[in-house]
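Chains as they are written, first to last, in our numbering: chain A, 218 to 359; chain B, 160 to 276; chain C, 325 to 663.
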Amino acid sequence: MDRNWINNWQRLKHPKPPLIKNIIYAFIFGGLICTFGQLILNIYISLGVPQQEAGNPTVATVIFIAASLTAAGVFDDIASIAGAGIAVPVTGFANSVTSMAIEFRREGLVTGTGSKMFALAGSVIVFGVVTAFVVGLISALI
Amino acid sequence: MGTYLTAFIVGGIICVIGQLLFDLTPFTPGHILTGFTVGGGILGGFGLYDRLISFAGAGALLPISSFGNSLAKGAMSEAARTGILGILTGMFELTSTGITSAILFGFIMAVFFKPKG
Amino acid sequence: MQTLRVERKIGRQSVLLEKDVMLLSSATVAGPKESLGPLSADFDRSYKDNIIKEKSFEKAECHMLEEACYLALGKARLSPEDIDFFIAGDLLNQIVTATFCARKLAIPYLGIYGACSTLSEGLSLGAMLVEGGFAKHILVGTSSHNCSAERQFRYPTEYGYQKPGYSQWTATGAGAVVLGTNGQGPRVESITVGKIVDAGVKDPFALGVAMAAAAADTIYNHFLDLERDPTYYNIILTGDLGGIGKKLNEDILAGKGYDIQPNYTDCGVLLYYPHQKVDAGASGCAASALVFLGHFYRKMMAKELRKALLVATGALHSPTTVLQQESIPCIAHAVSLEI
C-alpha cells in the first residue's frame with residue numbers, strides 16, 4: 218500500500234473545516250460571553266467591589282454557569298457550534314474540569330472525580346505556572 | 160475598565176485567533192489552550208496584558224490567557240515585595256478564585272449530576 | 325514423515341468451507357440514535373436512552389449484548405447449554421463487555437479483540453470451528469456504545485469540542501448470531517483473513533481513511549485467492565469506513581483494476597440519516613453488527629440477496645499509542661455468505 222498516495226488522497230478529499238462559518242461563530246460567541254462577563258463585572262463594581270478585585274467574582278460566576286451547563290449536558294452541544302468562542306474563555310476551562318469530574322464519578326469520588334478532575338485542564342495550570350515562574354524569576358533578577 | 164463594545168470586540172478577536180489555531184493546525188484543544196496561557200503569562204511579564212484588561216475589561220479578563228497573566232503577575236509582585244521566594248508564595252495569589260471555583264463547582268456537579276452522553 | 329495437508333486453505337489468506345456452516349439466527353439491539361435512523365425497523369429491540377436504567381454506560385452496553393445473545397438463542401430455539409463456544413469482543417479495554425456477558429451466559433468463551441472488525445473475525449473463527457468438527461453450535465456476539473467508547477478513546481462525554489468533518493460516530497448497540505449446521509440461513513462459503521495494514525495515519529479521527537486501506541487490501545486478496553471479481557457478489561459490504569473511507573476504498577480498488585462501485589456499500593454510511601450530525605458516518609463494532617445482522621441478514625433470508633461479502637474493518641490503536649505518535653494499524657476480514 219502506497220502511504221504517500223493515501224496521504225495525498227487524504228489531503229485532497231478530506232473535508233476541510235468550514236473556516237469562515239467557524240470564525241464568525243467563534244467571534245460572536247466569544248464576544249457575547251465576554252460582553253456578558255462585562256455586565257457581571259459592572260454589576261459587582263456597582264455593588265461596591267473594588268474595581269481591581271471585581272474580576273475575581275466575575276470569573277467565579279462565569280465558571281459556575283459553565284459548570285452548570287456542562288452538568289445539564291448542553292455545553293458540548295453549544296461548543297460544537299461555538300468552537301473556540303466558548304473554549305478559549307474560562308468557560309472552556311470550567312467545562313474541561315467539570316466534564317472530567319462528572320464523567321469519572323462512577324469510578325469513585327476519590328479515585329475517579331478527585332483524581333481525574335484535572336486530567337484535561339491540568340496542562341494549562343502546569344504550563345501557566347512554569348511560564349509564570351520563569352517570568353517572575355527574570356523580573357526579580359533584573 | 161472596559162466597555163461592552165471593547166469587551167465584545169477584543170474577546171471575539173481572541174476567540175477567533177483560537178479558532179484559527181483549532182482549524183488550521185494539527186494541535187489538540189489542550190495544546191492550544193495551554194499555548195494561550197503561556198502567551199498570557201509572557202505578555203503579563205511585559206505588563207502588556209494589564210493594559211489590554213484596562214482597555215477591554217472582561218474581553219481580556221475571561222479568555223484563558225488571563226489566567227497565565229494572573230499567575231505571572233502574582234509571582235512578579237510578590238517577588239518584588241519579599242524577594243525571590245515570593246515567586247513561590249505569590250504564584251496563585253490572583254488565580255485562586257478561578258482554580259478554587261472550578262474545583263468546587265466541578266465537584267458539586269459531579270456529586271449531583273450524571274453524564275448525559 | 326507425514327506432511328499436514330491443508331485442503332481448504334486457498335491462496336495466501338483465504339479458506340473455502342465445505343460443510344454448510346450457516347447463520348441460523350441473528351439478533352440486534354440498538355441505541356437511541358440508531359433507532360431514529362433509516363434501518364430502525366430492522367432491529368429486534370430499540371432503546372430510547374443510552375443508559376437504559378443501568379449504573380454506567382459500560383453496564384448498559386453489557387446489558388445490550390446480553391439481550392442480543394438471548395434473543396439470538398431464542399430465535400434458534402437453543403439454550404446456552406446447547407452452545408459449544410461463545411466468541412465475542414468489543415471496543416473496551418480488556419474486552420470487558422464480552423467477558424461480563426460471558427460470565428452471565430456461562431458458555432465456554434473465547435474473547436477476541438478486532439475493534440470494529442469483531443463481527444467478521446468472530447464469524448470466521450466460529451465457522452472454521454464448526455467446519456473443523458470442533459463445535460456444533462457457536463454463538464458470536466459483539467457490541468459498542470458511543471459513550472463508553474468516547475470516554476475511553478477520546479474525551480469525557482460532556483467535554484465541548486468541535487469534531488472534524490471526517491470523524492465518525494461510534495454506534496450504540498449489540499448484535500449476536502448463532503452458527504450451526506442444522507437449519508436454515510446464509511452459509512459461510514469462504515473467508516479471507518486480513519493482514520495488518522498501516523496507511524501511516526496518525527490522526528485518531530481519520531479512521532475511515534486508515535481502515536479503507538485495510539479493507540481494500542483484504543478485498544483485493546479475496547478476489548485474488550478465490551479468482552473472483554466484484555460481479556460475483558450481489559453486495560459487497562464494508563464495516564464502518566464511513567463516507568470518506570468508502571470513497572477511498574473504491575479509489576484504491578479501481579487503481580488495482582476492480583470496479584466495485586455498482587454493488588458496494590458501507591454499514592457506516594447506511595446506519596444514520598445525514599441530518600443526524602454524525603459527520604462521515606457510523607463506526608464501532610455495532611455498526612456492522614446492526615446493519616448486517618439487522619438489515620442484510622433479513623434480506624438474505626428473504627432471498628433478495630444471495631451472495632454477500634461482509635468485510636468488517638477495525639482500527640487497532642489505543643489512546644496510549646496515539647499519544648506516543650504511533651500510526652494506526654488497521655485490519656479487515658472478509659466473510660463470503662451465500663444462500
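Even glycine gets a Cβ: it sits at the ideal position worked out from N, Cα and C.
Query raised in the report: Nearest to residue 278 of chain A by alpha carbon, out of A:341, A:291, A:259?
Result: A:259
Query - Neighbour flag for residue 256 of chain B against chain A, beta carbons, 8 Å - result: At least one beta carbon of chain A lies nearer than 8 Å to the beta carbon of residue 256 of chain B.
**Report entry** residue 307 of chain A - containing alpha helix (DSSP H), residue span
**Finding:** 307 to 320
Report task. Identify the contact partners of residue 489 of chain C in chain A, using a Cβ-Cβ distance below 9 Å as the criterion. Result -> 231, 232, 233, 234, 235
**Report entry** Enclosing beta strand (DSSP E) for residue 660 of chain C [first to last residue]
**Finding:** 653 to 662
Report task. List the residues of chain A whose Cβ lies closer than 8 Å to the Cβ of residue 163 of chain B, in chain order. Result -> Neighbours of residue 163 of chain B on chain A, chain order: 252, 255, 256.
Query raised in the report: Whose C-alpha, out of B:220, B:243, B:198, B:209, is nearest the C-alpha of residue 356 of chain A?
Result: B:243
Requested in this report: Determine the closest residue to residue 354 of chain A out of B:225, B:275, B:233, B:180, with distance taken between C-alpha atoms.
Outcome: B:233
Requested in this report: Assuming residue 363 of chain C and residue 594 of chain C form a contact by the criterion Cβ under 8 Å, report the distance between their Cβ atoms to the nearest whole angstrom.
Outcome: 7 Å
Query raised in the report: Are the C-beta of residue 185 of chain B and some C-beta of chain A separated by less than 8 Å?
Result: no
Requested in this report: Determine which residues share a DSSP beta bridge with residue 346 of chain C and list them.
Outcome: In the DSSP output, where bridge partners are listed per residue, residue 346 of chain C has C:504, C:511.
Query - CB contact below 8 Å: residue 274 of chain B versus chain C - result: Yes, because at least one Cβ of chain C sits closer than 8 Å to the Cβ of residue 274 of chain B.
Query raised in the report: Curious, which full-length alpha helix (DSSP H) runs of at least 4 residues does the segment 166 to 252 of chain B contain?
Result: If you keep only unbroken alpha helix (DSSP H) runs of at least 4 residues inside the segment 166 to 252 of chain B, you get 188 to 204, 207 to 215, 217 to 220, 224 to 241, 245 to 249.
Report task. For residue 255 of chain B, count neighbouring Cβ atoms within 10 angstroms of its own Cβ and tell me buried if that reaches 16, exposed if not. Result -> exposed
Report task. Label residue 264 of chain B either buried or exposed according to how many other C-beta atoms from any shown protein chain fall within 10 Å of its C-beta, with 16 as the threshold for buried. Result -> buried
Requested in this report: Check whether the Cβ atoms of residue 499 of chain C and residue 443 of chain C lie closer than 8 Å to each other.
Outcome: yes
Report task. Just tell me which of C:583, C:513, C:385 has its CA closest to the CA of residue 610 of chain C. Result -> C:385
Query raised in the report: Whose C-beta lies closer than 6 Å to the C-beta of residue 367 of chain C among residues of the same chain, with five residues either side of it excluded?
Result: 352, 354, 618
Query - Own chain residues within Cβ distance below 6 Å of residue 283 of chain A, not counting five before or after - result: So the qualifying residues of the chain are 308, 311, 312.
**Report entry** Extent of the continuous alpha helix (DSSP H) run through residue 286 of chain A
**Finding:** 272 to 288
Query raised in the report: With a cut-off of 8 Å, do at least 3 Cβ pairs link the segment 446 to 453 of chain C to the segment 515 to 524 of chain C?
Result: yes
Query raised in the report: Who are the near neighbours of residue 672 of chain C in its chain, counting only those whose CB is closer than 8 Å to its CB and skipping five residues on each side?
Result: Only positions 325 to 663 of chain C appear in the structure, and residue 672 of chain C is not among them; the question remains open.
Requested in this report: Return no unless some Cβ of chain B is closer than 8 Å to the Cβ of residue 306 of chain A.
Outcome: yes
Report task. Over the uninterrupted beta strand (DSSP E) stretch that includes residue 636 of chain C, give me the two end residues. Result -> 631 to 639
Report task. Using a Cβ cut-off of 7 Å, pull out every chain A residue sitting near residue 336 of chain C, in sequence order please. Result -> None at all; the shortest Cβ gap to chain A is about 16 Å.
Requested in this report: Give a yes or no on contact between the segment 178 to 192 of chain B and the segment 223 to 243 of chain A, applying the rule of three or more CB pairs nearer than 8 Å.
Outcome: yes
Query raised in the report: Which residues in chain A sit within 8 Å of residue 451 of chain C, going by Cβ to Cβ distance?
Result: Under the 8 Å cutoff, chain A gives no residues; its nearest Cβ is about 27 Å from residue 451 of chain C.
**Report entry** Best match in C:589, C:437, C:546, C:471 for proximity to residue 642 of chain C [C-alpha to C-alpha]
**Finding:** Nearest neighbour of residue 642 of chain C by Cα position, chosen from C:589, C:437, C:546, C:471, turns out to be C:437.
Query raised in the report: Within 10 angstroms of its Cβ, does residue 581 of chain C collect 16 or more other Cβ (buried), or is it exposed?
Result: exposed
Query raised in the report: Along the segment 564 to 586 of chain C, what residues have a CB closer than 7 Å to any CB found in chain A?
Result: Listed in chain order, the positions of the segment 564 to 586 of chain C with a beta carbon within less than 7 Å of a beta carbon of chain A are 568, 571, 572, 575.
Query raised in the report: Is the shortest distance between the beta-carbon of residue 649 of chain C and the beta-carbons of chain B less than 8 Å?
Result: Contact of residue 649 of chain C with chain B is not assigned, every C-beta pair being separated by 8 Å or more.
Query raised in the report: Between which two residues does the alpha helix (DSSP H) harbouring residue 555 of chain C extend?
Result: Segment: none, residue 555 of chain C is in no alpha helix (DSSP H) and carries neither H nor E.
Query raised in the report: Would you say residue 561 of chain C and residue 616 of chain C are within 8 Å of each other, going by their C-beta atoms?
Result: yes
Query raised in the report: Name the residues in the segment 468 to 488 of chain C whose C-beta lies less than 8 Å from a C-beta of chain A; which are they?
Result: 475, 479, 480, 481, 482, 483, 484, 485, 486, 487, 488
Query - Nearest-angstrom Cα separation, counted from residue 249 of chain A out to residue 388 of chain C - result: Going by the C-alpha atoms only, they are around 43 Å apart.
Query raised in the report: Can we say the segment 209 to 217 of chain B touches the segment 331 to 346 of chain A, given the rule of at least three CB pairs closer than 8 Å?
Result: Flag = no, the segment 209 to 217 of chain B and the segment 331 to 346 of chain A do not touch.
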